[in-house]
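A.B. asks: The structure is given below, and queries will be raised subsequently.
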Amino acid sequence: MKVVVSIGGSVLAPDLEPDRVRAYADVIEGLVANGHRVGVVVGGGTVARDYITTARELGANEMQLDQLGIDVTRLNAQLLIAAMGEMAAPTPPETYEDAGTAMHRGDVPVMGGVAPAQTTDAVSAVLAEYVNADLLVYATSVPGVFSADPNEDDDATKFTEMTPDELVDIIADIEMDAGSNAPVDLLAGKVIQRAGLRAIVLDGTDPDAVARAVDENDHDGTEILPVMADE
Ligand code: UTP
């Protein structure tokens, strides 16, 4: 299977603990050993947020802050590359074309961010679209997609399955609420929708959850299933 794994920075390197990064490298290695072709995208996590907060106070504009965020995602990507050794393309690809070429020759590309005004959620979805991935897995710090922001609304319930249209509607509602955090951002939802991608949003605190989701389709998260044309 061709898989894109999106690993949130707060999941991969919440405290720059090497064991967690190594555990993720082992999971990616296991997926490749099981015959999957894998692309990885890594987020910026708290380190990115801390840099952005400080730079904002120093007067940086949003574009500069995004660039700082991108730099941190690429630093996190390099941590995973270091742990993966030969299997990974040696530097984080800066374009989807380079990432796709790396996947095609059998390497695992580990990307960070690529352009301002978005997050790595969108990068992951675009990479999955570009390489015609069979599955896109979001390993995040939340257990799935909820009917509302669970931090804001006690009645929020987690979806087991949903369509891309439902995903986009839910994210749009959550993003309208200032301060609320969507499990994946709206641009990512739109790309999942237009590309008809199969995606799983799950709690990536335990890296093995990603392996189980890909190898056994066993997970406690939310699966986004495109509606087939003849349904
Ligand atoms: P993340 O993808 O980690 O953003 O990129 P996030 O969703 O805020 O973080 P998580 O998922 O909670 O860990 C960090 C920052 O880098 C910039 C944005 O400013 C983003 O907030 N970025 C990232 C870009 O501007 N473009 C990209 O392609 C990726």
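Numbering (our numbering), first residue to last: 202 to 432. Note that CB positions come from ideal geometry on N, CA and C, so glycine has one too.
1) Roughly how many whole angstroms lie between the Cα atoms of F347 and D421?
2) Determine whether the beta carbon atoms of D386 and T341 lie at a separation below 8 Å.
3) Give the single residue among R306, L217, D355 whose Cα lies nearest to the Cα of L280.
4) So I401 and A414 are supposed to be a Cβ contact under 8 Å. How far apart are they, rounded?
5) Under DSSP, the alpha helix (DSSP H) around D322 begins and ends at which residues?
6) In whole angstroms, give me the CA-to-CA distance for R257 and P344.
7) Out of P365, E424, D370, which one is the CA nearest neighbour of A396?
8) To the nearest angstrom, report how far apart M363 and L259 are at their CA atoms.
9) On the premise that E353 lies in contact with I378, defined as a C-beta separation below 8 Å, what is that separation, rounded to the nearest angstrom?
10) Going by the CB atoms, is the gap between V233 and I208 shorter than 8 Å?
11) When the Cα atoms are used, what is the spatial distance from Q268 to A326?
12) Let me check you understand the geometry: is the CB of V327 closer than 7 Å to at least one non-hydrogen atom of the ligand UTP?
13) If you follow the beta strand (DSSP E) that K203 is part of, which residue opens it and which one closes it?
C.D. replies: Reading it off the structure:
1) Spanning the two alpha carbons is a distance of roughly 13 Å.
2) Taking 8 Å as the Cβ cut-off, D386 and T341 do not qualify as a contacting pair.
3) Closest by alpha carbon: L217.
4) Confirmed, Cβ separation roughly 5 Å.
5) First-last of the alpha helix (DSSP H) with D322: 321-331.
6) About 30 Å.
7) Of P365, E424, D370, the residue nearest in Cα terms is P365.
8) So the two alpha carbons sit approximately 42 Å from each other.
9) Rather than Ile, the amino acid found at residue 378 in this sequence is Asp. Their Cβ separation, rounded to whole angstroms, is 7 Å, which keeps D378 and E353 in contact under 8 Å.
10) It is not a contact, given that the beta carbons lie outside the stated cut-off.
11) When the Cα atoms are used, Q268 and A326 turn out to be separated by approximately 20 Å.
12) No, since every heavy atom of the ligand UTP falls outside the 7 Å radius drawn around the Cβ of V327.
13) Bounds of the beta strand (DSSP E) holding K203 are 203-208.
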